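Notes follow the structure.
2 protein chains.
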Amino acid sequence: MRDQYYEQLDAIVDDLVSLTGSVRKAVAESTRALLEADGNVAEAVIAGDKDIDEATEMIEERALLLLATQQPVATDLRQLVATLRMLTDLQRMGDLSVHVAKVARRRMPDSAVPVKLHPTIAAMASVADSMIDSASRIVANRDVKAAAELEAEDDEMDKLRRELLRSVLNVEWQHGVEPAIDLALLGRYYERIGDHAVSMARRVVYLVTGQGQLT
Amino acid sequence: MRDQYYEQLDAIVDDLVSLTGSVRKAVAESTRALLEADGNVAEAVIAGDKDIDEATEMIEERALLLLATQQPVATDLRQLVATLRMLTDLQRMGDLSVHVAKVARRRMPDSAVPVKLHPTIAAMASVADSMIDSASRIVANRDVKAAAELEAEDDEMDKLRRELLRSVLNVEWQHGVEPAIDLALLGRYYERIGDHAVSMARRVVYLVTGQGQLT
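Going line by line, the protein sequences match chains A and B. Heads up, the final residue of the first sequence is numbered 1444 in this note's numbering, and it's a clean run with no missing numbers. Heads up, the final residue of the second sequence is numbered 1444 in this note's numbering, and it's a clean run with no missing numbers.
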């Protein structure tokens, strides 16, 4: 009975890690749509979000079923509750990559990002990618030490967002108000993607050490 | 035993409704800080967020304790899981009101909102206020019909946000890029506050009718 329980719990963690991979791909593809002004890629990210939503709901249903049938207590209970929370994080990260793809689509056939700022956006996307990868490994291996690195990456993300805003607010900015707003919102979307990765990691740290915040 | 369980569950719902009141106040106060350029009010919202976080964690701990000790199944289990999710919504709404207060603080002694756009921001805040109030009543009374009204208010919020963006992108806009970005972000913050109210309502609808999405 208990063995079967742990098998099911492990299967849920595996699926959570696999879903994290899908979300990571959505973020990378939405960035590609943005920087290469590729409408097909943007549409694929937008259409693909329903797969992420469906996967989320399927894992969620199984976690709830396990809660109801096995009635775990203590750490096992907390792990399932943490899983439910991480699913919410992943679903939001998927939504945020849809927002990025929609900004890309709105400005077709141009890129929403002036060429000079491509490196900054590419750097934010790369930090986000690395943060999602770290979160995934932390979930898979309960690697609490990696969580500290993730916080450092989050600082890097904040730095990049400030850099982006400085460029947009510079007196030499010549692209007008609309691209400035797009970039401010894009900066916010990538920052939030990073925040959700940090939040996933913190949930694992809390599970393993009992330290830190639950939410 | 079961009676005591329902008493505890009711107490948790009462506390959730009371927390919703605190969040509603934070949103209203952050808007006041913004429109009246009142630094003291902005600081109070920012400092007060830790009370919202603490209340969230306290209710969460009690919900987890009830899960662990009473091991509810079926609807009772789903209600506790929905409660945990609604707590995440409320905490995020508190964070978003802090974001609004920080925009207000950054532009002191001026208002971050040009006088001409005060009515639009006031209208967004008023719709947000009404949406949080609806969500609170839906949670308290399981009033599924009110959830439909909430969706209509969400449409109104979207309309106001588009109106705000149109003003900022109008050729007659004379306030420069920085206030434009502030307003685009403020629009996003109020929209997200509304989204979280909708998400709370949907969770109650799902609980009562079994229809709709869990997340």
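Ideal placement from N, C-alpha and C gives every residue a C-beta, glycine not left out. If you're wondering where the values come from, they're calculated on a predicted model, not measured in any experiment.
In this structure the segment 1318 to 1326 of chain B touches the segment 1417 to 1437 of chain B; the number of beta carbon pairs closer than 8 Å is three or more.
Take L1389 (chain B), set aside five residues on each side of it, and the residues of its chain with a beta-carbon closer than 7 Å to its own are T1349, A1352, M1353, V1356, in chain order. At least 8 Å separates the beta-carbon of L1296 (chain B) from that of L1414 (chain A). Here the segment 1266 to 1274 of chain B lies against the segment 1328 to 1337 of chain B, with 3 or more beta-carbon pairs under 8 Å apart. Rounded to the nearest whole angstrom, the CA to CA distance from M1322 (chain A) to A1262 (chain B) is 31 Å. R1321 (chain A) carries a helical assignment under DSSP once its states are collapsed to helix, strand and coil. Under the DSSP assignment, S1340 (chain B) falls outside any alpha helix (DSSP H); it carries neither an H nor an E label. For R1417 (chain B), the nearest beta carbon of chain A is closer than 8 Å to its own beta carbon. Under the 8 Å criterion on CB atoms, R1231 (chain A) is classed as non-interfacial with respect to chain B. Distances from the alpha-carbon of I1281 (chain B) to those of B:V1252, B:Q1300, B:H1328, B:L1309 put B:V1252 closest. Contacts between A1297 (chain A) and chain B, judged by CB atoms closer than 8 Å, involve V1302, A1303, L1306 in chain order. Within the segment 1372 to 1401 of chain B, the residues whose Cβ lies closer than 8 Å to any Cβ of chain A are, in chain order, L1394, V1397, L1398.
Here D1372 (chain A) has R1366 as same chain residues with Cβ atoms under 7 Å from its own Cβ, once five neighbours each way along the sequence are excluded. Nearest to A1376 (chain A) by C-alpha distance, out of A:S1359, A:M1287, A:T1304, A:A1284, is A:S1359.
Taking a C-beta distance under 8 Å as the contact criterion, V1368 (chain B) and V1242 (chain B) qualify as a contact pair.
Residue contact check for A1413 (chain B) against chain A: a CB pair falls below 8 Å. As the crow flies, the alpha-carbon of P1343 (chain A) is around 57 Å from that of T1298 (chain B). In this structure, the alpha-carbon of Q1233 (chain B) lies about 13 Å from that of Q1300 (chain B). At least one CB of chain B lies nearer than 8 Å to the CB of T1317 (chain A). The alpha-carbon separation between D1324 (chain A) and N1399 (chain B) amounts to approximately 29 Å.
In this structure, the CA atom of Q1308 (chain A) is about 35 Å from the CA atom of A1330 (chain B). Your pair L1313 (chain B) and A1284 (chain B) does not check out as a contact, with CB atoms roughly 14 Å apart and the cut at 8 Å. Distance from the Cα of R1391 (chain A) is smallest, within the candidate group A:R1231, A:I1410, A:G1416, A:Q1403, for A:G1416. With a cutoff of 8 Å on beta-carbon distance, V1332 (chain B) and V1406 (chain A) are scored as not near each other.
Counting along the chain, no alpha helix (DSSP H) covers P1301 (chain B), and no H or E run does either. Sixteen is the threshold: since fewer than 16 other Cβ atoms of the shown chains lie within 10 Å of the Cβ of M1287 (chain B), the residue is exposed. Sixteen is the threshold: since fewer than 16 other Cβ atoms of the shown chains lie within 10 Å of the Cβ of A1276 (chain B), the residue is exposed.
For I1410 (chain B), the neighbours in chain A by C-beta distance under 8 Å run, in chain order, L1394, V1397, L1398, A1409, I1410, A1413.
Ranked by Cα distance from D1384 (chain A), the first of A:R1231, A:A1364, A:E1420, A:E1258 is A:E1420. In the three-state DSSP reduction, D1372 (chain B) falls in the coil class, being neither helix nor strand. Per DSSP, reduced to three states, the secondary structure at D1267 (chain B) is coil, with no helix or strand assignment.
Between V1406 (chain A) and chain B, the shortest Cβ-Cβ separation is below 8 Å.
Under the three-state reduction of DSSP output, G1439 (chain A) falls in the coil class, being neither helix nor strand. Exposed is the label assigned to A1381 (chain A), since fewer than 16 other Cβ atoms lie within 10 Å of its Cβ.
Note on geometry: alpha-carbon atoms of I1410 (chain A) and A1341 (chain A) lie some 10 Å from one another. Counting only residues of its own chain and dropping the five nearest sequence neighbours on each side, T1438 (chain A) has a CB closer than 7 Å to the CB of V1373.
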